[in-house]
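Below: the structure, in structure tokens.
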Amino acid sequence: MKRPERSKVDRIQVVSAAALAKAAALIAAGGIVALPTETSYGLAVDPFNEQALRRLFAVKQRSRHKPVLVLIDGTEWLRQLAAAIPACYRPLLATYWPGPLTMIFPAVPLLSPWLTGATATVGIRVSSDPVANGVCRAVGGPITATSANISGMEPARSAEQIYHQFGDTIDLILDDGERNGGKCSTVITQEGGELRLIRAGRIDFSLLTATGMPIHGN
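In terms of the UniProt record's numbering, the sequence shown has 193 at position 193, counting the first letter as 1, and numbering is strictly consecutive.
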């Protein structure tokens, strides 16, 4: 029987308390960790570490003009990332977080353009996945959650697929089984207090009318 590659054994770890602690330590040290969310697997780095962000873009072969989503484990972290919370978002925070709804906020000035895509905005959500939230808590702050795929390839749905795409270029893969590859998070922004759909996803845009806020389609 062929023995598995040592690097692969080291990099893929089944989710456990010890694995979450290792993930947090790697992220704090500037590493890249693949982790599950409720929609797919994502790649997590410290969003305040520009060197880690540059490395993330390099391994994904991603255009630096594309912004990166950030996960938080509670709204108390918004102040570190968002310069303001639009009034039309407040009922959505209470209704759809945690969950697959990403909202685009005005970014605080000190955020790296590698994170914002030089847009002066930042996409944020609270994941309903316990592993993603567990990593956020263990890190003690926000993490990125850009899709775990090389740009132009299909998002990876399992730890094996992630390793097949990235090999040893990322530091750890938290294995929590296969994700179903369904719809990604819904992404919205606001203009003049009115909601606007950026990307259709798991939460139907029409459901947002239940908040009583005006909405616009694309």
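From the three backbone atoms N, C-alpha and C, an ideal C-beta is built for every residue, glycine too. Every value quoted in this text rests on a predicted model; they were computed, and no experiment measured them.
Query                                                                                                               : Result
Hey, does residue 196 have any beta-carbon neighbour from chain B nearer than 8 Å?                                  : Absence of chain B from the displayed structure is noted, only one protein chain being present.
Short check: CB of residue 142 to CB of residue 77, under 8 Å?                                                      : yes
With a threshold of 7 Å (Cβ to nearest heavy atom), would residue 28 be considered close to the ligand SAM?         : In the structure shown, the ligand SAM is absent, as is every other ligand, since no ligand is present at all.
Quick one: using the 10 Å Cβ neighbour count with 16 as the cut-off for buried, is residue 99 buried or exposed?    : buried
Secondary structure at residue 69, three-state DSSP: helix, strand or coil?                                         : coil
How is residue 62 classed by DSSP in three states: helix, strand or coil?                                           : coil
Measure the CB-CB distance between residue 28 and residue 172 and report whether it falls below 8 Å.                : no
Which residue or residues does DSSP assign as beta-bridge partners of residue 41?                                   : 36
Please report how far the alpha carbon of residue 15 lies from the alpha carbon of residue 133, in whole angstroms. : 13 Å
Using CA coordinates, which residue listed in 63, 116, 91, 21 is at the minimum distance from residue 47?           : 116
Reducing DSSP to helix, strand and coil, say where residue 1 ends up.                                               : Its pLDDT being 45, under 50, residue 1 is placed unreliably by the model, and the measurement read from it follows with that caveat. Coil at residue 1, not helix or strand.
Determine the closest residue to residue 111 out of 190, 34, 122, 128, with distance taken between C-alpha atoms.   : 122
Is the beta carbon of residue 70 sitting closer than 8 Å to the one on residue 81?                                  : yes
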